[in-house]
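Chemist:
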Amino acid sequence: MLVTSKELLLDAQKNKYAVGAFNVENMEMVLAVLNAAEETRSPVIMQTTPGTLKFAGADFYFANIRAAAERADVPVVCHLDHGNSFETAVLAFHVGYTSIMIDGSKLSFEENISLTRSVIDVCHAGNVPVEAELGRVGGKEDGLDNTAVINPFTEPDEAREFVERTGCDSLAVAIGTAHGIYKGVPQVNFEVLGKIREVVDIPLVLHGTSGVPDDQVIKCVSMGMSKVNYATDLRIAYTNGVKRYMNEKPDGFDPKKYGAFGIEEVQRYVTGRMQVIGSCGKA
Ligand code: 13P
Numbered sequence: 001m002l003v004t005s006k007e008l009l010l011d012a013q014k015n016k017y018a019v020g021a022f023n024v025e026n027m028e029m030v031l032a033v034l035n036a037a038e039e040t041r042s043p044v045i046m047q048t049t050p051g052t053l054k055f056a057g058a059d060f061y062f063a064n065i066r067a068a069a070e071r072a073d074v075p076v077v078c079h080l081d082h083g084n085s086f087e088t089a090v091l092a093f094h095v096g097y098t099s100i101m102i103d104g105s106k107l108s109f110e111e112n113i114s115l116t117r118s119v120i121d122v123c124h125a126g127n128v129p130v131e132a133e134l135g136r137v138g139g140k141e142d143g144l145d146n147t148a149v150i151n152p153f154t155e156p157d158e159a160r161e162f163v164e165r166t167g168c169d170s171l172a173v174a175i176g177t178a179h180g181i182y183k184g185v186p187q188v189n190f191e192v193l194g195k196i197r198e199v200v201d202i203p204l205v206l207h208g209t210s211g212v213p214d215d216q217v218i219k220c221v222s223m224g225m226s227k228v229n230y231a232t233d234l235r236i237a238y239t240n241g242v243k244r245y246m247n248e249k250p251d252g253f254d255p256k257k258y259g260a261f262g263i264e265e266v267q268r269y270v271t272g273r274m275q276v277i278g279s280c281g282k283a
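Quick note on our numbering: the sequence shown kicks off at 1 and runs consecutively.
1. Enumerate, from N- to C-terminal direction, the unbroken beta strand (DSSP E) stretches of 3 or more residues contained entirely within the segment 51 to 107.
2. How would you call E111, buried or exposed, if buried means at least 16 neighbouring beta carbons within 10 angstroms?
3. Quick one: any contact between the segment 20 to 28 and the segment 37 to 54, if contact means 3 or more CB pairs under 8 Å?
4. Which residues mark the beginning and the end of the alpha helix (DSSP H) in which G194 is found?
5. Counting along the chain, where does the alpha helix (DSSP H) carrying K6 start and finish?
6. Would you report the Cα separation of A89 and L206, rounded to the nearest angstrom?
7. Specify the secondary structure class of Y182 as computed by DSSP and reduced to three states.
8. When we look at the beta-carbon of A56 and count the other beta-carbons within 10 Å, is it buried (16 or more) or exposed?
9. Just how far apart, CA to CA, sit E70 and F62?
10. Based on DSSP bridge pairs, tell me the residues matched to K227.
11. Rounded to the nearest angstrom, what separates S226 and G83 at their Cα positions?
12. What's the gap between the Cα of E131 and the Cα of T116?
13. Classify A172 as helix, strand or coil using the three-state DSSP reduction.
14. Any heavy atom of the ligand 13P closer than 7 Å to the beta-carbon of N229?
15. Under the DSSP definition of a beta bridge, which residues are partnered with V130?
16. Check the DSSP bridge columns for T49 and list the partner residues they point to.
17. On a CA-only basis, which of V3, L31 and F190 is nearest E264? Give me that one, please.
18. Could you tell me the distance, in whole angstroms, from the CA atom of T154 to the CA atom of E133?
19. Just to check, is the beta-carbon of T239 closer than 7 Å to a non-hydrogen atom of the ligand 13P?
Dropping the structure here:
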């Protein structure tokens with residue numbers, strides 16, 4: 001069934017597990033994430049960035065995710081990841097997305113608050129929850145290169161004030177992870193996470209989780225991270241599946257055949273992530 005992220009994340013926060021949020025780029029990836037969620041009885045969030053929406057339109061991705069949700073007997077959320085403007089956030093809301101992120105983290109503190117509030121005014125009127133971001137998660141997010149930016153961690157007192165003044169439903173924080181492929185082994189700053197958790201009582205969101213060692217992810221979840229985002233590793237898994245098929249059958253030309261290999265790889269990856277973040281059996 002299609003649900004909003006509100007109750008899912010509150011339940012995760014209360015019971016110390018996280019809901020996986022997986023970026024889907026095509027129908028096959030939607031099917032793979034659906035299969036993994038049903039196999040493990042996990043609640044799940046399927047999300048798309050504005051860059052993905054540009055490729056085929058929000059209506060197209062929403063239709064895919066809604067079809068998966070209607071078929072599923074686990075809760076499925078359709079989430080906008082890194083909404084980059086008021087217009088994009090409201091467009092996704094009108095199309096039917098059941099959870100919206102507005103990312104004003106590149107703006108000043110006051111501008112971020114005002115953009116986030118404007119999106120919340122629209123979404124909350126339709127009972128759709130909003131994720132906001134404070135502090136800069138580094139790396140390449142949705143094709144935008146942030147690697148040159150020195151990432152300030154989220155400042156705990158600012159986080160408290162931000163949540164109070166915006167009324168956002170969940171908060172993405174910068175604690176040392178980055179989007180894309182890591183050059184070395186990332187190191188989460190658990191001290192910053194602990195301080196934020198002490199002063200902020202809404203669900204927290206971990207971005208840039210592809211490539212973060214499992215023990216660090218598990219510790220983040222035990223410290224109150226309730227939504228964990230994976231994108232890059234799903235793209236890699238899907239492409240590896242397609243490549244494996246083409247290597248075995250260089251003359252192959254049926255998209256269903258190589259798509260099935262892609263589905264298999266993504267499903268295996270997502271099932272493993274669900275085990276790490278503790279969502280199995282929580283649906
Ligand atoms: P990765 O691509 O590093 O997994 O990041 C995913 C993410 O945070 C999407 O918002």
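Beta carbons: idealized from backbone N, C-alpha and C, even for Gly. Note that the structure is predicted; figures quoted are calculated from it, not measured.
Modeler: With the structure as the only source:
1. Unbroken beta strand (DSSP E) runs of no fewer than 3 residues, entirely contained in the segment 51 to 107, are found at 76 to 83 and 99 to 102, following chain order.
2. The residue in question, E111, is exposed, as its Cβ has fewer than 16 Cβ neighbours within 10 Å.
3. The segment 20 to 28 vs the segment 37 to 54: in contact.
4. First-last of the alpha helix (DSSP H) with G194: F190 to V199.
5. First-last of the alpha helix (DSSP H) with K6: S5 to N15.
6. L206 has its alpha-carbon roughly 20 Å from the corresponding atom of A89.
7. Three-state DSSP puts Y182 in coil, outside helix and strand.
8. Exposed.
9. When rounded, the distance between both Cα atoms is 12 Å.
10. DSSP output for K227 lists V19 and V205 as bridge partner(s).
11. Distance between the alpha carbons of S226 and G83 is about 20 Å.
12. Whole-angstrom Cα-Cα distance: 9 Å.
13. Reduced to three states, the DSSP call for A172 is strand.
14. Placement of the Cβ of N229 at a distance of less than 7 Å from at least one heavy atom of the ligand 13P is found.
15. I100.
16. Residue pairing for T49: DSSP places it in no beta bridge.
17. Nearest neighbour of E264 by Cα position, chosen from V3, L31 and F190, turns out to be L31.
18. Rounded to the nearest angstrom, the two C-alpha atoms are 9 Å apart.
19. Not one heavy atom of the ligand 13P is found less than 7 Å from the C-beta of T239.
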